[in-house]
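Worksheet: one structure, shown below.
In full-length UniProt numbering, the protein residues as written are 1 to 232.
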């Protein structure tokens, strides 16, 4: 996979954007950047951390029940953390303030549930094309960020994640140079990985969505500000 940005973005949905934003700014040291109107129903409060974006999506209408979590928690490298410290935001999302550099984590790492190392690698290494991070037993690198698998039998059924707009950590974003090519390549491994074919959002970005074997949503984004003018 050819990355257009050296980090992974993370997206969550909430009905309480002010409270959730305040928590992440205080404890994860993300910086508020701006609010982006995504649709009539969603306004995205964008927060940055060394080039990555935490997308706190404010849903205007009440969100459905939280459901079974696939994305479990976000580990954020904090220079002032001597030991891992787990905290929860007002919506119940887990933040782990992680000692910077421990286990090779110097940015942030998104942890998700998986049945096995083989199941994790078959998707994230073989299909998506991210390099293995050898410092941890089940992890891949997305630039300076990490995606980490936690081996457990308590994984969500794929159907439980059919609806992306629920409370909690709901998707990640990988910025790429050619979203059409990357989407076609990944879906070529298994058509079930495809969730939404590429579409253009004005002159801003061309995006697509894929899903891992447990239904976790991943946005592939070709953003004009990173890659140049979008294809006609």
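No residue lacks a Cβ here, since even glycine has one placed at the ideal position from N, Cα and C.
Touch check for the stretch 15-26 and the stretch 168-185: three-plus C-beta pairs under 8 Å? no
Considering only C-alpha positions, which residue in the set 134, 99, 110 is nearest to residue 145? Stepping through the chain shown from its first residue, residue 145 is reached at position 145. Here the closest residue by C-alpha is 110.
Whose C-beta lies closer than 7 Å to the C-beta of residue 141 among residues of the same chain, with five residues either side of it excluded? The count along the chain shown starts at 1 and reaches residue 141 at position 141. The residues are 130, 131, 133.
Three-state class that DSSP yields for residue 225 in the structure shown: Along the chain shown, one-based indexing puts residue 225 at 225. Residue 225: helix per DSSP, three-state reduction.
Looking only at its own chain, which residues have a Cβ that is under 8 Å from the Cβ of residue 81, when we skip the five neighbours before and after it? Here residue 81 refers to the residue found at position 81 of the chain shown. So the qualifying residues of the chain are 97, 98, 99, 100.
Who are the Cβ neighbours of residue 180 in its own chain at under 6 Å, not counting the five residues just before and after it? Residue numbering aside, residue 180 sits at position 180 when the chain shown is read from its first letter. Counting only Cβ-Cβ distances below 6 Å, and skipping sequence neighbours, we find 198.
Given that a residue counts as buried once 16 or more other Cβ atoms are within 10 Å of its Cβ, and exposed if not, what is residue 41? Translated into positions along the chain shown, residue 41 becomes position 41. Exposed, because fewer than 16 other Cβ atoms sit within 10 Å of the Cβ of residue 41.
Taking residue 33 as part of the beta strand (DSSP E), name the residues at either end of that continuous run. Residue mapping note: residue 33 aligns to position 33 of the chain shown, counting from 1. Counting along the chain, the beta strand (DSSP E) containing residue 33 begins and ends at 31-37.
Under a three-way DSSP split, which group does residue 94 fall into? Along the chain shown, read from residue 1 onward, the residue named residue 94 stands at position 94. Here residue 94 sits in strand by DSSP.
Between 57, 35, 89, 115, which has its C-alpha nearest residue 70's C-alpha? Residue numbering aside, residue 70 sits at position 70 when the chain shown is read from its first letter. Taking only the C-alpha atoms, the option nearest residue 70 is 115.
In the DSSP output, what is residue 147 paired with across the bridge? What you label residue 147 is simply residue 147 of the chain shown in a count that begins at 1. Residue pairing by DSSP places residue 147 opposite 110, 140 in a beta bridge.
Would you decide whether residue 317 is buried or exposed? Buried here means 16 or more other CB atoms lie within 10 Å of its CB. Only positions 1 to 232 of the chain appear in the structure, and residue 317 is not among them; the question remains open.
For residue 213 and residue 113, which I take to be in contact (beta-carbon distance under 8 Å), what is that distance rounded to the nearest angstrom? Residue numbering aside, residue 213 sits at position 213 when the chain shown is read from its first letter. Residue numbering aside, residue 113 sits at position 113 when the chain shown is read from its first letter. With a Cβ gap of about 11 Å, residue 213 and residue 113 do not count as contacting.
Flag this pair as yes or no: are the beta carbons of residue 94 and residue 73 separated by less than 7 Å? Residue numbering aside, residue 94 sits at position 94 when the chain shown is read from its first letter. Residue numbering aside, residue 73 sits at position 73 when the chain shown is read from its first letter. For residue 94 and residue 73, yes; Cβs fall inside 7 Å.
Use the C-beta contact count for residue 21: other C-beta atoms within 10 angstroms, 16 or more gives buried, fewer gives exposed. Mapped onto the chain shown, residue 21 falls at position 21. Buried, by the Cβ-count rule.
Could you spell out the range, first to last residue, of the alpha helix (DSSP H) harbouring residue 118? For the purposes of this step, residue 118 is taken as the residue at position 118 of the chain shown. Its alpha helix (DSSP H) spans residues 117-121.
What residues in its chain sit with their C-beta under 8 Å from that of residue 62, if we drop five residues either side in the sequence? Stepping through the chain shown from its first residue, residue 62 is reached at position 62. 15, listed in sequence order.
In terms of residue numbering, what span does the alpha helix (DSSP H) encompassing residue 181 cover? To locate residue 181, count along the chain shown from 1; it is residue 181. 179-189 is the span of the alpha helix (DSSP H), which, as asked, contains residue 181.
Going by Cα to Cα distance, which pick from 201, 102, 76 is closest to residue 230? The count along the chain shown starts at 1 and reaches residue 230 at position 230. Nearest of 201, 102, 76 to residue 230, Cα basis: 201.
Buried or exposed: which applies to residue 34, given that a residue is buried once 16 or more other Cβ atoms fall within 10 Å of its Cβ? As a first step, residue 34 is located in the chain shown; it is residue number 34 there, counting from the start. That one is exposed.
Rounded C-beta distance between residue 53 and residue 46? I'm assuming under 8 Å. Mapped onto the chain shown, residue 53 falls at position 53. Mapped onto the chain shown, residue 46 falls at position 46. About 5 Å; that satisfies the 8 Å criterion.
So, helix, strand or coil for residue 198, using DSSP? Position 198 of the chain shown, counted from the start, is the residue given in the question as residue 198. Strand.
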